[in-house]
Amino acid sequence: FFFGSRSRRLMPELSPFMLAAGLTASVGLGMAISMALQQKAHEPIPMGRSDCERAAAHDAGRRTEEYNRRSARMTVRVLLIRHAQSEANSSSNHLHNGRQIRIPLSAQGRGQAAALGQRLALRGCRPVAIYASDARRAWETAFEVSNQLRKAAESEAESWSPPPIVCAGQCIGEIGMG
Numbered sequence: 001f002f003f004g005s006r007s008r009r010l011m012p013e014l015s016p017f018m019l020a021a022g023l024t025a026s027v028g029l030g031m032a033i034s035m036a037l038q039q040k041a042h043e044p045i046p047m048g049r050s051d052c053e054r055a056a057a058h059d060a061g062r063r064t065e066e067y068n069r070r071s072a073r074m075t076v077r078v079l080l081i082r083h084a085q086s087e088a089n090s091s092s093n094h095l096h097n098g099r100q101i102r103i104p105l106s107a108q109g110r111g112q113a114a115a116l117g118q119r120l121a122l123r124g125c126r127p128v129a130i131y132a133s134d135a136r137r138a139w140e141t142a143f144e145v146s147n148q149l150r151k152a153a154e155s156e157a158e159s160w161s162p163p164p165i166v167c168a169g170q171c172i173g174e175i176g177m178g
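Numbering (our numbering), first residue to last: 1 to 178.
The structure is reproduced here in C-alpha cells:
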C-alpha cells in the first residue's frame, strides 16, 4: 500500500469505490486507489502542467540524478584477456585435440604478456581481482601481466600491489572443451 501525496489527492474520488467494493478499510483502500487510478488513466490530460505533472517531472529528474550517482559508484570494468602465444600456438605441426592444460607460453608469448602488462600499467590499470583458468598458458599470462603492473606501481612509489591470481579451474573452460 502506498499513502503518498497522490493517494491523498485522490481521497475524495476514492470514497465511492471503497463503498462499492464493500471491503475492509485496508483492502478497500488499496482496491479503490487502483480503480481510481485506472479511471484517471482514461481521462484526457489537460494541456497546462498540473501540480502532479510538475511533481512527476521533478521526481523523474531526481531519480535520474540518483541513478547516475549510484551507477557511477557501482560500475565494474572487466577485462577479458586471452592467453598469449603458447608453445602449441607457435608450432605448426601441433594439432589441438581436446583441452590440454599443461602447455606453457612460448618465449614470444611471455614477451606479449609482459608488453600487455606494461600497456595496462601506462593506462593506470589497477585490478582488484585477477582470475585465470587452470591452463598453464592462462596462468603464466596472468602472472606476467600482474608482474608488470607490480613493477610499474613500485617505480611510481604507489602503495598498490596486485591481488593474488585466483585459479578459476574449469569454471572458465575453453569454449566447447571445458
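C-beta: ideal position from N, C-alpha, C; glycine also.
First and last residue of the uninterrupted beta strand (DSSP E) at A121: Not the beta strand (DSSP E): A121 falls in the alpha helix (DSSP H), residues 107-122.
Status (buried if at least 16 other CB within 10 Å, exposed otherwise) for S146: That one is buried.
Exposed unless 16 or more other CB atoms sit within 10 angstroms - verdict on S90: Exposed, because fewer than 16 other Cβ atoms sit within 10 Å of the Cβ of S90.
Sufficient close CB pairs (3 or more, under 8 Å) joining the region 153-163 to the region 106-115: Look at the beta carbons and you see the region 153-163 not touching the region 106-115: under three pairs across the two are nearer than 8 Å.
Contact under 8 Å by Cβ, P164 with L149: The answer is no: Cβ separation not under 8 Å.
Proximity below 8 Å, CB of A88 to CB of I101: No, the pair does not count as a contact, with Cβ atoms beyond the cut-off.
V145, DSSP secondary structure in three states: Helix, per DSSP.
G124 and E144 closer than 8 Å at C-beta: For the pair G124 and E144, the CB atoms are not nearer than the 8 Å cut-off.
S91 - DSSP class collapsed to helix/strand/coil: Residue state, collapsed to three classes: coil.
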